[in-house]
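Colleague: Residue numbers (full-length UniProt numbering): 1 to 510. Positions of the beta carbon are idealized from the N, C-alpha and C atoms, including for glycine. Being a predicted model, the structure only gives us computed values, none of them experimental. Before I ask anything, here is the structure I am working with.
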Ligand SMILES: Nc1ncnc2c1ncn2[C@@H]1O[C@H](COP(=O)(O)OP(=O)(O)OP(=O)(O)O)[C@@H](O)[C@H]1O
Ligand SMILES: [Mg+2]
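This is the structure in structure tokens:
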């Protein structure tokens with residue numbers, strides 16, 4: 001945040017003052033952070049009163065003031081100094097359910113006010129030299145955000161959201177964590193509807209935009225891959241001509257976005273050339289270590305001349321090569337040396353929870369916890385990592401480890417859900433996964449199990465259990481030392497706790 005008076009904030013958001021005189025508001029400064037949880041408020045802070053599942057933030061205004069909040073941004077007077085914005089009828093197209101409990105439009109009004117404030121603050125900080133990096137894609141935004149934050153760290157002060165906090169609350173909230181001493185603001189930009197990314201970019205316009213891939217995540221809501229591509233292309237369209245757009249051109253739908261931006265394009269690829277032309281940043285000689293952590297040589301055409309450096313990633317999965325190349329491209333644009341990029345990538349392990357967290361227990365069982373999220377592309381990536389860790393190293397069968405894929409539902413696939421789950425069941429068989437445990441009931445989960453059986457799985461190799469508890473009971477009975485277990489599903493399937501229990505040693509191998 002920048003130092004603003006309560007009166008200035010009221011002016012920016014178009015709110016009225018309550019329980020504070022105009023004179024006092026003109027003198028009172030917000031010097032702390034902006035918080036929506038009264039327990040996180042500190043001295044000089046601004047408290048946002050939002051309706052939640054169990055409580056209404058307006059009821060916590062007093063607690064926030066007692067904790068040091070100088071004012072509350074609210075939809076009605078709350079008995080302590082406040083900036084009041086009138087409730088707004090809910091605007092369509094909101095992101096992930098923040099306003100689920102907003103029955104009267106008060107949450108929408110407070111969020112709209114927050115966005116106005118974030119926009120003014122971001123613009124002011126950019127004038128002062130802040131660089132905003134925006135990342136979008138169907139898979140890998142959070143993973144790449146963590147890598148970008150790591151590679152920019154040696155260059156200056158970085159602000160990035162925790163985890164995947166990128167919805168209509170997380171986005172402006174993160175923007176407002178930036179201060180005058182922040183050099184880089186790294187934002188994850190996700191979309192559920194056309195216009196979402198343009199709206200996020202309007203609040204904080206990136207001068208560096210990264211597009212990772214156009215997959216099938218949220219296909220149910222968008223209807224087609226073309227519609228997803230159009231929505232993702234709102235990011236390159238938003239980057240001004242003075243900025244840079246970094247495109248993973250291994251995805252043809254992303255490569256095509258070079259045509260929709262006025263900004264300079266940096267083409268990133270696994271290869272020095274692709275169908276769409278030569279690459280600016282690429283990888284050579286990719287190999288994986290025993291935990292599927294990629295190693296490769298990063299090449300870049302740079303204003304400083306051709307650059308090259310050997311890179312060993314601290315994160316697992318072949319799909320991380322593309323994420324790391326994009327992160328490297330961001331850092332090089334910001335003036336990092338290739339040595340700085342390589343060192344930061346090597347040190348950067350998994351940061352955000354339940355994303356390719358690889359743990360090897362005392363009994364030799366390796367648990368790959370990728371339970372946060374799943375769509376067809378990331379399921380493929382996760383299964384490939386499992387297959388590599390279990391089987392990739394061994395030249396003969398005796399060196400192979402048993403592989404377990406404990407998979408839950410991929411949410412939000414719409415009418416393609418059954419076919420996509422069927423494909424994943426079949427892929428598990430093709431990758432020679434030893435045991436597939438399909439967790440959950442319903443048509444899609446039956447389709448995954450059925451797909452595996454039709455592809456040639458024996459009954460002893462593919463099971464369909466009703467819930468995470470049943471899956472844990474099965475694993476507890478059957479895991480053996482040296483086994484490798486992948487736990488993966490959409491967050492809604494709730495396999496995170498199962499992954500935690502396994503990693504903590506429950507279901508110990510006998
Ligand atoms: N480039 C990639 N291609 C395919 N899968 C990927 C890629 N990068 C990460 N993944 C996998 O996709 C899943 C989600 O990763 P991550 O949380 O980084 O994505 P996200 O785009 O932030 O997702 P969300 O839309 O939920 O915020 C994880 O299983 C991760 O291992
Ligand atoms: Mg994310």
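1) Could you check the C-alpha separation between residue 142 and residue 126 for me, to the nearest Å?
2) Note down the Cα distance separating residue 514 from residue 496, rounded to an integer number of angstroms.
3) How far does the beta strand (DSSP E) with residue 49 in it extend, from its first residue to its last?
4) Is the separation between the beta-carbon of residue 431 and that of residue 420 shorter than 9 Å?
5) By the 10 Å Cβ neighbour count, where 16 or more other Cβ atoms means buried, how is residue 480 classified, buried or exposed?
6) DSSP on residue 74, reduced to helix/strand/coil?
7) Please classify residue 422: is it buried, with 16 or more other beta-carbons within 10 angstroms of its beta-carbon, or exposed?
8) At a cut-off of 8 Å, would you count residue 231 as near ligand 2, judging by its Cβ distance to the nearest heavy atom?
9) Would you check if there are 3 or more beta carbon pairs closer than 8 Å linking the region 289–303 to the region 312–324?
10) DSSP on residue 296, reduced to helix/strand/coil?
11) Give the single residue among 407, 170, 70 whose Cα lies nearest to the Cα of residue 162.
12) Between the Cα of residue 374 and those of 31, 390, 409, spot the shortest distance and give me the residue it belongs to.
13) Answer yes or no: do residue 267 and residue 247 have a C-beta to C-beta separation smaller than 9 Å?
14) For residue 273, count the other beta carbons within 10 Å of its own beta carbon; 16 or more makes it buried, fewer makes it exposed. Which is it?
15) What distance in whole Å lies between the Cβ atoms of residue 245 and residue 232, which are believed to be in contact at a cut-off of 8 Å?
16) Do the region 469–476 and the region 445–460 make contact, defined as three or more Cβ pairs closer than 8 Å?
17) Can you look up residue 16 in the DSSP assignment and give me helix, strand or coil?
18) What residues in its chain sit with their C-beta under 7 Å from that of residue 80, if we drop five residues either side in the sequence?
19) What first and last residue would you give for the beta strand (DSSP E) that runs through residue 141?
20) Exposed or buried, which one is residue 95 when buried takes at least 16 other CB atoms within 10 Å?
21) Report yes if the C-beta of residue 382 is less than 8 Å from at least one heavy atom of ligand 1; otherwise report no.
22) Quick one: what does DSSP say residue 276 is sitting in, helix, strand or coil?
23) Any idea if residue 271 is buried or exposed, counting beta-carbon neighbours within 10 angstroms, 16 or more meaning buried?
24) Based on DSSP bridge pairs, tell me the residues matched to residue 266.
25) Is the Cβ-Cβ distance between residue 388 and residue 288 less than 9 Å?
26) Tell me the residue span of the beta strand (DSSP E) that contains residue 463.
27) Nearest by alpha-carbon distance to residue 467: which of 461, 455, 498, 482 is it?
28) Quick one: grab the DSSP three-state call for residue 92.
29) Out of 9, 8, 137, 154, which one is the CA nearest neighbour of residue 342?
30) Taking 8 Å as the line, does the beta carbon of residue 138 fall inside it for any heavy atom of ligand 2?
31) Please report the residue range of the beta strand (DSSP E) in which residue 287 lies.
32) Taking the alpha-carbon positions, what's the residue 215 to residue 8 distance?
33) Quick one, which of 362, 207, 462 has its alpha-carbon nearest residue 122's?
34) Listed by chain order, which residues have C-beta atoms less than 5 Å from any heavy atom of ligand 2?
35) Please state whether the Cβ-Cβ distance between residue 279 and residue 249 is less than 9 Å.
36) With DSSP collapsed to three states, give me the class of residue 502.
Modeller: Short version:
1) About 23 Å.
2) Since the displayed the chain opens at 1 and closes at 510, residue 514 lies outside it and no answer follows.
3) For residue 49, no beta strand (DSSP E) segment is defined, and its DSSP state is neither H nor E.
4) Remark: C-beta atoms of residue 431 and residue 420 do not approach each other more closely than 9 Å.
5) Under this definition residue 480 is an exposed residue.
6) In the three-state reduction of the DSSP assignment, residue 74 falls in the strand class.
7) The residue is buried, with at least 16 neighbouring Cβ atoms inside 10 Å.
8) For residue 231, the shortest separation between its Cβ and any heavy atom of ligand 2 does not lie below 8 Å.
9) Contact holds: three or more Cβ-Cβ distances are below 8 Å.
10) Here residue 296 sits in strand by DSSP.
11) Considering only alpha carbons, the answer is 170.
12) Among 31, 390, 409, the Cα nearest to that of residue 374 is on 409.
13) The answer is yes: Cβ separation under 9 Å.
14) Under this definition residue 273 is an exposed residue.
15) Here residue 232 is actually not in contact with residue 245; their C-beta atoms are around 12 Å apart, not less than 8 Å.
16) They do not touch, by the three-pair rule.
17) Three-state result, residue 16: strand.
18) Sequence-distant partners of residue 80 (beyond 5 residues in either direction) whose C-beta falls short of 7 Å from its own C-beta, in its chain, are 19, 61, 62, 65, 72.
19) Here residue 141 belongs to no beta strand (DSSP E); instead the alpha helix (DSSP H) covers 141–152.
20) Residue confidence for residue 95 is low, a pLDDT of 42 falling below 50, so the modelled location carries little weight and cannot support an answer.
21) In this structure, residue 382 has its beta carbon less than 8 Å from a heavy atom of ligand 1.
22) In the structure shown, residue 276 adopts coil according to DSSP, grouped into three states.
23) Residue 271 should be labelled exposed.
24) DSSP lists 246 as partners of residue 266.
25) Yes. Within cutoff.
26) Counting along the chain, the beta strand (DSSP E) containing residue 463 begins and ends at 462–465.
27) Among 461, 455, 498, 482, the Cα nearest to that of residue 467 is on 498.
28) Note that residue 92 scores 43 on pLDDT, short of 50, meaning its location in the model is unreliable and no value can be drawn from it.
29) Cα-wise, what sits closest to residue 342 is 154.
30) No, the Cβ of residue 138 stays beyond 8 Å of every heavy atom of ligand 2.
31) Segment 281–288, the beta strand (DSSP E) holding residue 287.
32) Residue 215 and residue 8 have their alpha carbons spaced roughly 43 Å apart.
33) Ranking 362, 207, 462 by Cα distance to residue 122 puts 207 first.
34) Selection output, chain order preserved: 141, 142, 164.
35) A Cβ-Cβ contact shorter than 9 Å links residue 279 with residue 249.
36) Three-state DSSP puts residue 502 in a helix.
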